[in-house]
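Inspection log for the structure reproduced underneath, given as structure tokens.
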Ligand code: ITT
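Residue numbers (my numbering): 3 to 200.
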């Protein structure tokens, strides 16, 4: 079963490929000229479905399964921001460093050293048998400084519940053991194993 990843985010690709070891996984940019997809949804789930659907429609091989990931960090103190806008928190075209710096600056401006936060991952699957979506979450705290170089995005400022180090200070396997993405992928795996029988 071929699984096509509908994402251009290198951090996501690394983590998803590591999880799906043993499956025939390929990035959509290896099969076609990558194109921008307008994420016009109001939720992680809607955006994940938009991305999976767009790539499935563009694929020649309609028997392939397309897997997308829409994710982000939400800070309740900030009304859930950046949430679905995590990739463009510092503006359209902003990179991970800009977004991380903006969230740290926002917390610092409010005099907040740390505050509860959570990551969400919505994984959508566009398949010959229809579209599906699953979720995973990781709870913890956002802090007003960056610690460590590992992971990507907001990882240097996120301390998972029950830990004292940020995801930026944890190795890749430790993040994978507890991440929102892994939790969503485990649900996706149940579905993939069911579809494999078709
Ligand atoms: P694609 O749409 O091509 O998948 P993207 O980076 O634009 O790539 P999203 O719209 O889903 O994807 O935004 C995800 C952002 O949320 C990402 O850029 C990070 O800033 C943040 N994020 C998501 N998961 C993360 C993780 O595991 N660690 C750190 N930051 C994460």
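Using N, Cα and C, we set each Cβ at its ideal position, and we do this for glycine too.
May I ask you to list the residues that DSSP assigns as paired with residue i?
{"i": "residue 4", "result": "26"}
{"i": "residue 162", "result": "142"}
Measuring from the CB of residue i, is there a heavy atom of ligand 1 at a distance below 7 angstroms?
{"i": "residue 135", "result": "no"}
{"i": "residue 98", "result": "yes"}
{"i": "residue 153", "result": "yes"}
{"i": "residue 53", "result": "yes"}
{"i": "residue 144", "result": "no"}
{"i": "residue 19", "result": "no"}
{"i": "residue 183", "result": "yes"}
{"i": "residue 10", "result": "yes"}
{"i": "residue 165", "result": "no"}
{"i": "residue 101", "result": "yes"}
{"i": "residue 41", "result": "yes"}
{"i": "residue 47", "result": "no"}
{"i": "residue 31", "result": "no"}
{"i": "residue 188", "result": "no"}
{"i": "residue 104", "result": "no"}
{"i": "residue 44", "result": "no"}
Can you give me the start and stop residues for the beta strand (DSSP E) that residue i sits inside?
{"i": "residue 134", "result": "132-145"}
{"i": "residue 67", "result": "67-77"}
{"i": "residue 129", "result": "116-129"}
Kindly indicate which three-state DSSP category residue i falls into: helix, strand or coil?
{"i": "residue 10", "result": "coil"}
{"i": "residue 43", "result": "coil"}
{"i": "residue 84", "result": "strand"}
{"i": "residue 151", "result": "coil"}
{"i": "residue 181", "result": "coil"}
{"i": "residue 108", "result": "helix"}
{"i": "residue 32", "result": "helix"}
{"i": "residue 191", "result": "helix"}
{"i": "residue 168", "result": "coil"}
{"i": "residue 62", "result": "coil"}
{"i": "residue 37", "result": "coil"}
Report the CB separation of residue i from residue j in whole angstroms; it is logged as a contact under 8 angstroms.
{"i": "residue 73", "j": "residue 53", "result": "Between residue 53 and residue 73 the Cβ distance is about 11 angstroms, and since that is not below 8 angstroms, they are no contact."}
{"i": "residue 27", "j": "residue 7", "result": "6 angstroms"}
{"i": "residue 159", "j": "residue 151", "result": "That belief does not hold up - the Cβ atoms of residue 159 and residue 151 are roughly 12 angstroms apart, past 8 angstroms."}
{"i": "residue 141", "j": "residue 117", "result": "That belief does not hold up - the Cβ atoms of residue 141 and residue 117 are roughly 12 angstroms apart, past 8 angstroms."}
{"i": "residue 178", "j": "residue 138", "result": "Between residue 138 and residue 178 the Cβ distance is about 12 angstroms, and since that is not below 8 angstroms, they are no contact."}
{"i": "residue 37", "j": "residue 3", "result": "Not really, about 24 angstroms apart at Cβ, beyond 8 angstroms."}
{"i": "residue 193", "j": "residue 21", "result": "About 14 angstroms separates the two Cβ atoms, so there is no contact after all."}
{"i": "residue 57", "j": "residue 127", "result": "Not a contact, Cβ separation roughly 11 angstroms."}
Taking the alpha helix (DSSP H) that residue i belongs to, which residues open and close that run?
{"i": "residue 97", "result": "Element bounds for residue 97: n/a, residue is neither H nor E."}
Please indicate yes or no: does the CB of residue i lie closer than 7 angstroms to some heavy atom of ligand 3?
{"i": "residue 76", "result": "In the structure on display, ligand 3 does not appear, and the ligands it does have are ligand 1."}
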